[in-house]
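Peer 1:
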Amino acid sequence: MSRQDAAIKRKGPSGCHTKKGIKDGFSDAMKDLMKKVNSQSFVLFGWESSLYIWPKSGFNTQPTELQANSSCKSLVKLIPIEVNDYLKKISKKKSVKVEPLKVINLELLFELTRPDVIETVTVHNDQKSRIHFKLTLPVDVVIFAHPDDQWIKTQEKIVEAVSEQLLGMDQCIQKYTKGKNVPIPQAFHFELPESTILTTAIYPAGYKEKDLEPQRKELHDKLGLGDKPYLRRPMSYDFPNDDLLNKYVKTVHKYIPIPSTEEFEVYVVHGSYTFHHYLQDDINDSGWGCAYRSLQTIISWFNCQGYIDIPIPTHETIQKMLVTAGDKGPSGEPLAHTLLGVAWNEETGAVKFLILDAHYSGEDDWANIVERAIDWKDEDFWDQMEPYNICLPQRPQGI
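Numbering-wise, the UniProt record's numbering puts 256 at position 256 of the sequence shown, and it's gapless, one number per residue.
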């Protein structure tokens, strides 16, 4: 994986700030930048290491350990790995087999001078007024490689992927530039159904999700996706370091094995959410706050799908809403749970429910939550003598 900023500059006569002139200028600058990426001045630097790599020349600063025909796993000895160690602690008895994603971060650099090139300086002064644009491109490229893949082939994939992303960023600039307002193109990576790699989409910064829906529709048609959202920016993939920065544990059910698909038709929640439970955020709500926590989890789902953009409501905020709405008095004392999935056997009528338990009161630790806060439950999980209110949030229209 490579993450790094690249800068492009565009100078031209003051008359070139027409819509076409600015777009043409940035297109030319992008072409120059892509030429640099495919030249010997393009350099990769391993984060928190002393390794520098020149992909186009095959040279690097650790030639003994890393050669052209070396395998990609040789990089592991030279560059620290980004990995979510919490996933390693999840019990193998209850969870699906978890193979934490291992990320090697490479920074993109350019040599400013080359010893084998003698350059001359030419000064030209035409006394014309000029307009100057400078744009920093947040290049963020993901490459998937098997540990046994040849390093020389992976270098080629990196150069190709960076070039393709720059082309996509140029297309974004061409599409969304209005007058002198040139947007910063940003790369977002997404997990799609039935795909073993990430899909990247380039969106302009500063636009609301609803304004980008036409572009998402084009991508959905191209990728054969349905009418559910997959490519909204809040749905972008969380890398290991992102997981560590998240305040709440996210989408824990994906680590729970589903019932046999030969015996059951299985349906689980689509998309991401954050898990909210007793004693979280230094609030002692044990014994009374499970419905509040379940509602927080539901609202987080709307946030994570990009349907809304609001803070998770606090207990106080929810209580004020209940007063405003004229909440009914209490009836019975059933516990609140979050239903994430249903497994149904059409022949026997047997049903299982995937329950996320807001009564969990432990730490926000992946292993403990998977072990104690989520599981598939049989019908006898529910108290047949208690009435239950069911909250069925409706998915908004649109992708």
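From the three backbone atoms N, C-alpha and C, an ideal C-beta is built for every residue, glycine too. Remember, it's a predicted structure, so these values are computed and weren't measured experimentally.
What is the DSSP secondary structure of D380, reduced to helix, strand or coil?
Peer 2: helix
Peer 1: If I follow the unbroken alpha helix (DSSP H) through I299, where does it start and stop?
Peer 2: C290 to C304
Peer 1: Does E316 come out as helix, strand or coil in the three-state DSSP assignment?
Peer 2: helix
Peer 1: Please go through the stretch 349-381 and give each complete beta strand (DSSP E) segment of 3 or more residues, from N-terminal end onward.
Peer 2: 351-356 and 374-378
Peer 1: Drop a sphere of 10 angstroms on the beta-carbon of N84, count the other beta-carbons inside from all chains shown, and report buried for 16 or more, exposed for fewer.
Peer 2: buried
Peer 1: Among residues of its own chain, excluding the 5 on either side of L75, which ones have a beta-carbon nearer than 6 Å to its beta-carbon?
Peer 2: I104
Peer 1: DSSP puts E107 in a beta bridge; with which residues?
Peer 2: F45
Peer 1: Quick one: any contact between the stretch 154-171 and the stretch 25-34, if contact means 3 or more CB pairs under 8 Å?
Peer 2: They touch, by the three-pair rule.
Peer 1: Leaving out the 5 sequence neighbours to the left and right, which residues in its chain are closer than 8 Å to D126 when beta-carbon positions are compared?
Peer 2: none
Peer 1: Can you tell me where the alpha helix (DSSP H) holding V342 begins and where it ends?
Peer 2: Per DSSP, V342 belongs to no alpha helix (DSSP H); it is in the beta strand (DSSP E), T338 to W344.
Peer 1: Classify S195 as buried or exposed, calling it buried when 16 or more other Cβ atoms lie within 10 Å of its own Cβ.
Peer 2: exposed
Peer 1: Buried or exposed for H270, going by 16 or more other Cβ atoms inside 10 Å?
Peer 2: The residue in question, H270, is exposed, as its Cβ has fewer than 16 Cβ neighbours within 10 Å.
Peer 1: Given a threshold of 16 other Cβ atoms within 10 Å of its Cβ, counted over all protein chains shown, does N246 qualify as buried or as exposed?
Peer 2: exposed
Peer 1: Taking the alpha-carbon positions, what's the P396 to K56 distance?
Peer 2: 49 Å
Peer 1: Do you know how far the Cα of P229 is from the Cα of L198?
Peer 2: 15 Å
Peer 1: Helix, strand or coil: which one does DSSP assign to I158?
Peer 2: helix
Peer 1: Using three-state DSSP, classify H220 as helix, strand or coil.
Peer 2: helix
Peer 1: Just how far apart, CA to CA, sit Y176 and P204?
Peer 2: 7 Å
Peer 1: Contact between the stretch 315-323 and the stretch 337-357 is defined here as three or more beta-carbon pairs at a separation below 8 Å; is this criterion met?
Peer 2: no
Peer 1: Does the Cβ of C391 have 16 or more other Cβ atoms within 10 Å, making it buried, or fewer, making it exposed?
Peer 2: exposed
Peer 1: Within a Cβ cutoff of 6 Å, which residues of the same chain sit near I258, ignoring the five residues on either side of it in sequence?
Peer 2: Excluding sequence neighbours, I258 sits near V266.
Peer 1: Going by the beta-carbon positions, is the gap between D148 and C72 smaller than 9 Å?
Peer 2: yes
Peer 1: L335: buried (16+ other C-beta within 10 angstroms of its C-beta) or exposed?
Peer 2: exposed
Peer 1: Smallest Cα separation from I369: which of L87, G25 and I53?
Peer 2: The closest CA to that of I369, considering only L87, G25 and I53, is found on L87.
Peer 1: Can you check DSSP and say which residues form a bridge with P311?
Peer 2: None; P311 has no bridge partner.
Peer 1: Could you tell me the distance, in whole angstroms, from the CA atom of W301 to the CA atom of G224?
Peer 2: Using only the alpha carbons, I get a separation of about 24 Å.
Peer 1: Should K222 be labelled buried (16 or more other beta-carbon atoms within 10 Å of its own) or exposed?
Peer 2: exposed
Peer 1: What's the call for S14, buried or exposed, on a 16-neighbour Cβ count within 10 Å?
Peer 2: Confidence in S14 is poor, its pLDDT being 41 and thus under 50, which makes the residue's placement unreliable; the coordinate value appears in the next sentence. Label assigned to S14: exposed.
Peer 1: Note down the Cα distance separating W54 from K134, rounded to an integer number of angstroms.
Peer 2: 26 Å
Peer 1: Can you list, in chain order, the residues of its chain whose CB lies under 6 Å from that of R216, leaving out five sequence neighbours each side?
Peer 2: L231 and I399
Peer 1: Going by DSSP, what residue range makes up the beta strand (DSSP E) through L198?
Peer 2: L198 to P204
Peer 1: So is M1 buried or exposed if we call it buried at 16+ other beta carbons inside 10 Å?
Peer 2: Residue placement at M1 is flagged as unreliable, the pLDDT there being 42, under the threshold of 50; the coordinate-derived value follows with that caveat. Answer is buried; the Cβ neighbour count reaches 16.
Peer 1: Residues bridged to A187 by DSSP?
Peer 2: I202
Peer 1: Would you mind working out which of F59, Y255, K102 and G287 sits nearest I79, comparing C-alpha positions?
Peer 2: K102
Peer 1: Skipping 5 residues on each side, what residues in its chain have a beta carbon closer than 6 Å to that of D383?
Peer 2: none
Peer 1: If you scan the stretch 226-286 from start to end, which runs of the alpha helix (DSSP H) of 4 or more residues do you find wholly inside it?
Peer 2: Unbroken alpha helix (DSSP H) stretches of 4 residues or longer found wholly inside the stretch 226-286: 240-245, given in chain order.
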